[in-house]
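I have placed the structure first, in the form of structure tokens, so that the comments after it can refer back to it.
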Amino acid sequence: MKLTKGNSISTNIFHLFYSTALTSVLNAGSLIILAYYLQSYHYGLFSVVLAFAMIMAYFTDAGLSDIVLREGSLKGADVPSVISSYIKMRAVLLLVTFSVGFLIIEIMHSDNGELIRTAYFLVVPMVAGVAMQSISITYFQLKEKMQYCGIIRIISAFSLVSSIIIGMLLSLNPFMISFLYGCSYLTAGVIGMSFLCKNMKIVWGRKFHKGLLHKIGSFTLGGLLFVLLPHLGPLVLERTLTLHEVGLFAVAYRIPQALQQIPFIVAGAYYPVLFRYFNHKEWKKHLSLLITQTKIMALIGMMMTIPFYYLSAPIISLLFGETWLEAAIPLKILSILLALQAVNISLADGLTTSSRQIYRTSVQLVAVIIGIFLYVFSSNQYGLIGAAFAGLTIELFTLAGFWIFTSEKWRVARSVLIPYLTVFGVTFVLLDYFLQSHSILAMTIHLGSLPLFLLLDRELNEKALNYVKRTFLRKWENENDKERRMGNG
Numbered sequence: 007m008k009l010t011k012g013n014s015i016s017t018n019i020f021h022l023f024y025s026t027a028l029t030s031v032l033n034a035g036s037l038i039i040l041a042y043y044l045q046s047y048h049y050g051l052f053s054v055v056l057a058f059a060m061i062m063a064y065f066t067d068a069g070l071s072d073i074v075l076r077e078g079s080l081k082g083a084d085v086p087s088v089i090s091s092y093i094k095m096r097a098v099l100l101l102v103t104f105s106v107g108f109l110i111i112e113i114m115h116s117d118n119g120e121l122i123r124t125a126y127f128l129v130v131p132m133v134a135g136v137a138m139q140s141i142s143i144t145y146f147q148l149k150e151k152m153q154y155c156g157i158i159r160i161i162s163a164f165s166l167v168s169s170i171i172i173g174m175l176l177s178l179n180p181f182m183i184s185f186l187y188g189c190s191y192l193t194a195g196v197i198g199m200s201f202l203c204k205n206m207k208i209v210w211g212r213k214f215h216k217g218l219l220h221k222i223g224s225f226t227l228g229g230l231l232f233v234l235l236p237h238l239g240p241l242v243l244e245r246t247l248t249l250h251e252v253g254l255f256a257v258a259y260r261i262p263q264a265l266q267q268i269p270f271i272v273a274g275a276y277y278p279v280l281f282r283y284f285n286h287k288e289w290k291k292h293l294s295l296l297i298t299q300t301k302i303m304a305l306i307g308m309m310m311t312i313p314f315y316y317l318s319a320p321i322i323s324l325l326f327g328e329t330w331l332e333a334a335i336p337l338k339i340l341s342i343l344l345a346l347q348a349v350n351i352s353l354a355d356g357l358t359t360s361s362r363q364i365y366r367t368s369v370q371l372v373a374v375i376i377g378i379f380l381y382v383f384s385s386n387q388y389g390l391i392g393a394a395f396a397g398l399t400i401e402l403f404t405l406a407g408f409w410i411f412t413s414e415k416w417r418v419a420r421s422v423l424i425p426y427l428t429v430f431g432v433t434f435v436l437l438d439y440f441l442q443s444h445s446i447l448a449m450t451i452h453l454g455s456l457p458l459f460l461l462l463d464r465e466l467n468e469k470a471l472n473y474v475k476r477t478f479l480r481k482w483e484n485e486n487d488k489e490r491r492m493g494n495g
């Protein structure tokens, strides 16, 4: 499995698209199965522990994956040295994370034996598995070979669904279900590392790559805050709402959270290229690529928001049953996150790849502080609905902050933010007002309006046409080559 030259951006987007689409469906399926099987109390308990697990999993990375992409994209980079040093640091961080993480869980939840027991069953295999997946995925992302990233994620998702189904068929208790959930990540992690080892020999005696320590503090804090924000709700709401209500919020929040992976398709394909342009001092190309990425991601986010906004109640009823209908209004509110998060991911990547990670970190830190206050205040005053609005408000603050620190921010605003978000917001208000009782019609009209962005945006229109022309030209050339070879034969 020796790698050749990296794929093009469009090829990587294709590989990430089908893999992410499949894994999103499978992850959503596992979410539905778990909600049915565990019911709201145990699902709320599971959601709190899962939030701890994801934060602990991040600490095994501590922002290193982004630094690996930065260091590996430099001219003349010694990639084997970078990856070997990366693995050593991840192993040390894994041990430290387990020690500190379980100590914190024991102290914070000494009065809840169920939660602590669930944590041990879920966290150990899951965090170790996520660490191994992250190492292999980062390597193939650096090599711009996203098909292998997709394979690892698909294996993880299939293992996840299979483990939950097996647990249900055997009527296992919630603790064993949690253990199987974690083991699914561990299985994919082991397979991912085997892929990496087949392609690159890991030499443990190789000299440590000191570049991994350059600006690691801002990357570590920024990455932690990025991971913490989506899980802030369950962690804070556990103190202000009942576990039943936390379970309802988790169901509403996890649907957009699972679908958030789709914008990462574009981000994952553009990320190493943005690093390369900036490191090679091709700043105009960096800005142009960032604007294009933001437009594409905004459209993807809008397309995902629309059905969940207009059809939140039928979707909740269909997927989870009428006993979960209390989660419909929070889902309606939180669905708007999909459009905002898609733009935020792009702007945040623009900051990171242009050596402005400190600004990204600062914005995320402020967002977390504001978020804690908003979740506590809003949930105490308005319950589930308040918690949902708190999540949406946090994302708006983050969007404003990322934009303020973006290089050429007024060009980005004129090209993307003002026209795209204004048209989208105005259309939402008008359709919601005039077609409030005709949700399917409103959804259809709104979805039908999205292609207008492609038609009216000259830059995006030209890029789309050029891509189509190149695709057909390549196909025509391949067919001609095939005919010539057959003729010569």
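In our numbering, the protein residues as written are 7 to 495. C-beta atoms are modelled at their ideal positions from N, C-alpha and C, and glycine is treated no differently. As the structure is a prediction and not an experimental result, all values here were calculated from the model.
Thinking C-beta only, is residue j closer than 8 Å to residue i?
i	j	result
His452	Thr428	no
Val167	Ala59	no
Arg212	Ser25	no
Tyr277	Leu295	no
Phe52	Phe127	no
Ile306	Ile268	yes
Gly69	Ile321	no
Ile376	Phe403	yes
Ser341	Pro262	yes
Gly135	Gly195	yes
Tyr49	Ala264	no
Leu231	Gln347	no
Thr367	Leu227	yes
Tyr259	Gly397	yes
Ile400	Leu235	yes
Val382	Thr246	yes
Val54	Val252	yes
His215	Glu77	yes
Met199	Ile141	yes
Phe411	Arg362	yes
Met303	Ala334	no
Gln502	Leu380	Lying outside 7 to 495, the shown extent of the chain, residue 502 is not represented and no answer is given.
Leu238	Ile378	yes
Tyr154	Phe108	no
Leu466	Asn285	no
Leu75	Phe281	yes
Within 10 angstroms of its Cβ, does residue i collect 16 or more other Cβ (buried), or is it exposed?
i	result
Gln442	exposed
Ser169	buried
Pro336	buried
Thr358	buried
Arg464	exposed
His250	exposed
Leu175	exposed
Leu32	buried
Ile424	exposed
Gly454	exposed
Tyr426	buried
Ser105	exposed
Leu121	buried
Gly407	buried
Leu461	exposed
Phe65	buried
Asp355	buried
Lys149	buried
Glu332	buried
Met7	Only weak support is given to the placement of Met7: the predicted model assigns it a pLDDT of 46, under 50, and the value that follows is read from those uncertain coordinates. Classification for Met7: exposed.
Tyr439	exposed
Tyr187	buried
Ile172	exposed
Trp416	exposed
Thr10	Because Thr10 carries a pLDDT of 49, less than 50, the predicted location of this residue cannot be relied on, and no value is offered for it.
Please confirm if residue i has its CB atom under 8 Å from at least one CB of chain D.
i	result
His48	Absence of chain D from the displayed structure is noted, only one protein chain being present.
Query raised in the report: Quick check: the region 311-322 against the region 349-360, are there 3 or more CB pairs under 8 Å?
Result: For the pair of segments examined, the region 311-322 was found not to touch the region 349-360: the number of CB pairs separated by less than 8 Å stays below three.
Query raised in the report: With a cut-off of 8 Å, do at least 3 Cβ pairs link the region 143-155 to the region 196-214?
Result: Judged by Cβ distances under 8 Å, the region 143-155 makes contact with the region 196-214, as three or more pairs qualify.
Query raised in the report: Is the region 81-99 close to the region 235-248, with three or more CB pairs under 8 Å?
Result: no
Query raised in the report: Which ranges does the alpha helix (DSSP H) cover as unbroken runs of at least 4 residues, wholly within the region 23-95, from first to last along the chain?
Result: Listed in chain order, the complete alpha helix (DSSP H) runs (minimum 4 residues) inside the region 23-95 are 70-78.
Query raised in the report: Which full runs of the alpha helix (DSSP H) of 4+ residues lie inside the region 296-351, going along the chain?
Result: 318-326 and 334-340
Query raised in the report: If you scan the region 407-474 from start to end, which runs of the alpha helix (DSSP H) of 4 or more residues do you find wholly inside it?
Result: The region 407-474 contains these whole alpha helix (DSSP H) runs: 415-418, 428-440, 445-455 and 457-462.
Requested in this report: For the region 244-269, list the alpha helix (DSSP H) runs that are entirely contained and at least 4 residues long, ordered along the chain.
Outcome: Counting only runs of 4 or more, we get 249-265.
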